[in-house]
């Protein structure tokens, strides 16, 4: 681990304090201020982005398909239960392996996905709300890809429908949670504040920790990326992922 840099730690602390202060009270002169939102206002603003509409449309279609498929089996109940239980780990793996992917060159081919590029832009400016959402260009192929996966993975049409309903509902829940964290809605419950605080540490303190978004560090504790915030140095690349790294 690199040695702590007092100046960098102060900067990270200032970023966190500024981001929280803009929701709690007046902002110092020269800093951008945004008015705190009510939950209703945040919900209305959420629907201005394309991804919630795309996901809710896919979810609605999946619900219709599941109903049309007819009676299923008792084991289908295990599908959403299992996905919800596993989602913190799935979310962690996607965040680390796909969103934080370091661009690589394989001969003349540059391996750098749209999701990774957009996520780097999101880290560069965490307050740019359009960058919070899953890119609609990715959803254009992701949503039908899940249909193919569900059809191949499940033994019945009813089971495939149940899987799709679960996946699309979880994705929509993720979008809402991630948006809310980055919006100006002020946390009210202790649980949500811990989720909110952890994600700010990921964006303003050190991008190598606090990868879970929708839970209070569940998978981070499992995979060893949930340290005491005071025990890790502030990262110089928290807003410029992979800067200076060889590709």
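In UniProt numbering, the protein residues as written are 1 to 247. Built from N, CA and C at the ideal position, the CB exists for glycine as well.
Alpha carbon of residue 188 to alpha carbon of residue 106, nearest angstrom:
Distance between the alpha carbons of residue 188 and residue 106 is about 48 Å.
May I have the straight-line CA-CA distance separating residue 61 from residue 147, to the nearest angstrom?
Distance between the alpha carbons of residue 61 and residue 147 is about 11 Å.
Contact defined as beta carbons within less than 8 Å: I believe residue 168 pairs with residue 133. What is the distance between those atoms, to the nearest angstrom?
So it is not a contact: roughly 15 Å between Cβ atoms.
Between 161, 216, 186, which lies nearest to residue 40 when the distance is taken from Cα to Cα?
With distances taken between Cα atoms, residue 40 lies closest to 186.
Considering only the alpha carbon of each residue, which of 36, 87, 181 lies closest to residue 222?
From the listed residues 36, 87, 181, the smallest Cα separation to residue 222 is found for 87.
Per-residue DSSP class, three states only, for residue 232:
Coil.
Sort 111, 144, 136 by Cα distance to residue 103 and report the nearest one.
The residue with the shortest Cα to Cα distance from residue 103 is 111.
Simplified DSSP state of residue 111, which is helix, strand or coil:
Residue 111 falls in the strand class under three-state DSSP.
Helix, strand or coil at residue 102 according to DSSP, with G and I counted as helix:
DSSP places residue 102 in coil when its eight states are reduced to three.
Short Cβ contact (7 Å threshold) for residue 91 with residue 177
No, these two residues do not count as a Cβ contact at 7 Å.
Roughly how many whole angstroms lie between the Cα atoms of residue 73 and residue 97?
Between the alpha carbons of residue 73 and residue 97 lies a distance of about 35 Å.
Check whether residue 136 and residue 116 have beta carbons under 7 Å apart:
No; because the gap between Cβ atoms is not below 7 Å, this pair is not in contact.
Quick one: residues in its chain with C-beta nearer than 8 Å to the C-beta of residue 156, no 5 flanking neighbours on either side, listed in chain order?
Closer than 8 Å at Cβ, skipping near neighbours: 69, 72, 73.
Please name the residue in 219, 144, 93, 226 whose C-alpha comes closest to that of residue 205.
That would be 226, whose Cα lies nearest to the Cα of residue 205.
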